[in-house]
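Chemist: Heads up: the sequence shown is residues 46 to 300, going by the working numbering.
Backbone N, C-alpha and C fix where the C-beta goes; we use that ideal spot for every residue, glycine too.
Predicted, not measured: the structure shown is a model, and the values here were computed from it.
Structure below; questions to follow.
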Amino acid sequence: MLFTQLIQANLRTKILGWKIEYYNRLGSTNLEAWELLALGAEHGTVVLTDHQFQGKGRGGNSWFMGAGKGLAMSVILNKKYPLECSGLISLAIGIAAAQSIQKRGLDPKLKWPNDILIDGKKAGGILCETKIQEEWIKKIVVGIGINVNETSNEFPDSIKGHSTSMSICSNHPHQRELVAAEFLNSLEYLLEMIHQDPNKIVHEWLDRCGHLNKPVTFTEKGRAVEGIFSGLDSFGHASINTNGEKKLYHSIILD
Ligand code: BTN
Numbered sequence: 046m047l048f049t050q051l052i053q054a055n056l057r058t059k060i061l062g063w064k065i066e067y068y069n070r071l072g073s074t075n076l077e078a079w080e081l082l083a084l085g086a087e088h089g090t091v092v093l094t095d096h097q098f099q100g101k102g103r104g105g106n107s108w109f110m111g112a113g114k115g116l117a118m119s120v121i122l123n124k125k126y127p128l129e130c131s132g133l134i135s136l137a138i139g140i141a142a143a144q145s146i147q148k149r150g151l152d153p154k155l156k157w158p159n160d161i162l163i164d165g166k167k168a169g170g171i172l173c174e175t176k177i178q179e180e181w182i183k184k185i186v187v188g189i190g191i192n193v194n195e196t197s198n199e200f201p202d203s204i205k206g207h208s209t210s211m212s213i214c215s216n217h218p219h220q221r222e223l224v225a226a227e228f229l230n231s232l233e234y235l236l237e238m239i240h241q242d243p244n245k246i247v248h249e250w251l252d253r254c255g256h257l258n259k260p261v262t263f264t265e266k267g268r269a270v271e272g273i274f275s276g277l278d279s280f281g282h283a284s285i286n287t288n289g290e291k292k293l294y295h296s297i298i299l300d
């Protein structure tokens, strides 16, 4: 059980999180968010569940959440953003996730495209999906999954070796509502910063990056890509060296 009032009691936002659609069980908060958007959901609406049983991960993978243990949340951004902001939006989401974990006394690192690592293992991930029209991002669903109170033997065997949770790393449980509220507080602030001070977003992300000049893997148009992450440009696009060739990538899913 998650207490939406406890999330809202800790909000410092103007818009994000003041409407929360809470479900005891749900296949995927991202899928539900798109359905709510089709019905005209308001900007800032949050979709939250205590038990996500068909979570979507990046690159067509699935996402595991321990029932009653993890955080699975989607934030609906029903507002238009210039397409060139896509890289910075994605970075802002990663920073907000890292800040929400850091606020609870841990030291998370970000790995491009947007893995959240603690002690070198995956503790969270982001699936940011968009609807594009001409040069505008018209709608965004920001999906965030954080392993909060899972124990190591709760993770499926296929991910056990490289997964961790906040409670494993700190040896005590964490209140998921506080992590959720802080994510929303940071995200709203950072989305404003995209227009006011885009360099701040790039620098904040790089400050938390644990793999500059190290290998990364990701999927592009369904194809696995491997390369060396060598930094970010001022639009928040990642510069990746693949087979001796430097290319720019963004991590948002553009549809
Ligand atoms: C990844 O593969 O690293 C991204 C995982 C994103 C999981 C979150 S959990 C909440 C939201 N709903 C989903 O179905 N997926 C995202």
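Could you tell me whether the Cβ atoms of Val224 and Leu56 are closer together than 8 Å?
Modeler: Indexing the sequence shown from 1 puts residue 224 at position 179. Indexing the sequence shown from 1 puts residue 56 at position 11. Not in contact: Val224 and Leu56 (Cβ atoms no closer than 8 Å).
Chemist: Exposed or buried, what is Pro201 when buried is set at 16 or more other beta-carbons lying within 10 Å of its beta-carbon?
Modeler: Sequence index remark: in the sequence shown, residue 201 carries index 156 (1-based). Sixteen is the threshold: since fewer than 16 other Cβ atoms of the shown chains lie within 10 Å of the Cβ of Pro201, the residue is exposed.
Chemist: What span of residues does the beta strand (DSSP E) with Ala283 cover, start to end?
Modeler: If you number the sequence shown from 1, residue 283 lands on position 238. Segment Ala283 to Thr287, the beta strand (DSSP E) holding Ala283.
Chemist: I'd like to know whether the C-beta atoms of Ala143 and Pro158 end up nearer to each other than 8 Å.
Modeler: On the sequence shown, residue 143 is found 98 positions in, with the first residue counted as 1. On the sequence shown, residue 158 is found 113 positions in, with the first residue counted as 1. Contact: no.
Chemist: Counting only the same chain and skipping the five closest in sequence on each side, list residues whose C-beta sits under 6 Å from that of Trp63.
Modeler: Start at 1 with the first residue of the sequence shown, and residue 63 comes out as number 18. Once the five neighbours on either side are set aside, Trp63 has no close Cβ partner at all.
Chemist: Taking Lys101 as the reference, which of Arg70, Lys291, Gly190 and Leu235 has the closest Cα?
Modeler: Counted from its first residue, the sequence shown places residue 101 at position 56. Nearest C-alpha to Lys101: Gly190.
Chemist: Could you say which of Lys292, Trp108, Gln97 and Glu77 lies nearest to Ile204 if we only look at CA atoms?
Modeler: Locating residue 204 in the sequence shown gives position 159, counting from the first residue. The option with the nearest alpha carbon to Ile204 is Trp108.
Chemist: Between which two residues does the alpha helix (DSSP H) containing Arg268 stretch?
Modeler: Along the sequence shown, one-based indexing puts residue 268 at 223. Looking at the DSSP string, Arg268 is not in any alpha helix (DSSP H); the run it does join, the beta strand (DSSP E), is Arg268 to Leu277.
Chemist: Quick check: the stretch 118 to 135 against the stretch 239 to 247, are at least 3 beta-carbon pairs closer than 8 Å?
Modeler: yes
Chemist: Taking C-beta to C-beta, are Gly170 and Leu155 nearer than 8 Å?
Modeler: Taking the first residue of the sequence shown as position 1, residue 170 is located at position 125. Taking the first residue of the sequence shown as position 1, residue 155 is located at position 110. No, the Cβ-Cβ distance between Gly170 and Leu155 is not below 8 Å.
Chemist: Which residues bound the beta strand (DSSP E) around Ala168?
Modeler: Within the sequence shown, residue 168 is the residue found at index 123, counting from 1. Unbroken beta strand (DSSP E) run through Ala168: Lys166 to Gln178.
Chemist: Identify whether Met118 lies in helix, strand or coil by the three-state DSSP scheme.
Modeler: Translated into positions along the sequence shown, residue 118 becomes position 73. The DSSP-derived three-state label of Met118 is strand.
Chemist: Per DSSP, what are the beta-bridge partners of Lys292 in this structure?
Modeler: In the sequence shown, counting from the first residue as 1, residue 292 sits at position 247. Paired residue(s): Ile285.
Chemist: Quick check: does the Cβ of Asp95 come within less than 7 Å of any heavy atom belonging to the ligand BTN?
Modeler: Within the sequence shown, the letter at position 50 stands for residue 95. Flag unset: Cβ of Asp95 not near the ligand BTN.
Chemist: Over what stretch of residues does the beta strand (DSSP E) that includes Thr262 continue unbroken?
Modeler: Here the question's residue 262 lines up with position 217 in the sequence shown. That run of the beta strand (DSSP E) goes Lys259 to Glu265.
Chemist: Counting only the same chain and skipping the five closest in sequence on each side, list residues whose C-beta sits under 6 Å from that of Ile185.
Modeler: Position 140 of the sequence shown, counted from the start, is the residue given in the question as residue 185. Excluding positions up to five away in sequence, the list reads Leu122 and Thr175.
Chemist: Spatial neighbours of Glu87 within its chain, please: C-beta separation below 8 Å, excluding the five flanking residues on both sides.
Modeler: Numbered from 1 along the sequence shown, position 42 holds the residue referred to as residue 87. Excluding positions up to five away in sequence, the list reads Lys64, Ile121 and Asn123.
Chemist: Helix, strand or coil: how does DSSP classify Ser212 here?
Modeler: If you number the sequence shown from 1, residue 212 lands on position 167. Three-state DSSP puts Ser212 in a helix.
Chemist: Would you call the CB atoms of Ser284 and Leu293 closer than 8 Å?
Modeler: As a working mapping, residue 284 is identified with position 239 in the sequence shown. As a working mapping, residue 293 is identified with position 248 in the sequence shown. Against a cut-off of 8 Å, the Cβ pair of Leu293 and Ser284 comes out as a contact.
Chemist: Starting from the Cα of Ala141, find the closest Cα among Asp160, Gln53 and Lys125 and give me that residue.
Modeler: Start at 1 with the first residue of the sequence shown, and residue 141 comes out as number 96. The candidate whose alpha carbon is nearest that of Ala141 is Asp160.
Chemist: Pull up the CB-CB distance for Ala226 and Asn192, whole angstroms please, since I reckon it's below 8 Å.
Modeler: On the sequence shown, residue 226 is found 181 positions in, with the first residue counted as 1. On the sequence shown, residue 192 is found 147 positions in, with the first residue counted as 1. No, Ala226 and Asn192 are not in contact; Cβ-Cβ is about 18 Å, not under 8 Å.
Chemist: CB of Ser73 to nearest heavy atom of the ligand BTN: below 7 Å?
Modeler: If you number the sequence shown from 1, residue 73 lands on position 28. Yes, since a heavy atom of the ligand BTN falls inside the 7 Å radius drawn around the Cβ of Ser73.
Chemist: Do Gly150 and Ser215 count as a contact pair if the criterion is CB distance below 8 Å?
Modeler: Stepping through the sequence shown from its first residue, residue 215 is reached at position 170. Stepping through the sequence shown from its first residue, residue 150 is reached at position 105. In this structure, Gly150 lies closer than 8 Å to Ser215 by Cβ.
Chemist: Buried or exposed for Gln99, please, with buried defined as at least 16 other CB atoms from any protein chain shown within 10 angstroms of its CB.
Modeler: The residue you call residue 99 lines up with position 54 of the sequence shown. Exposed.
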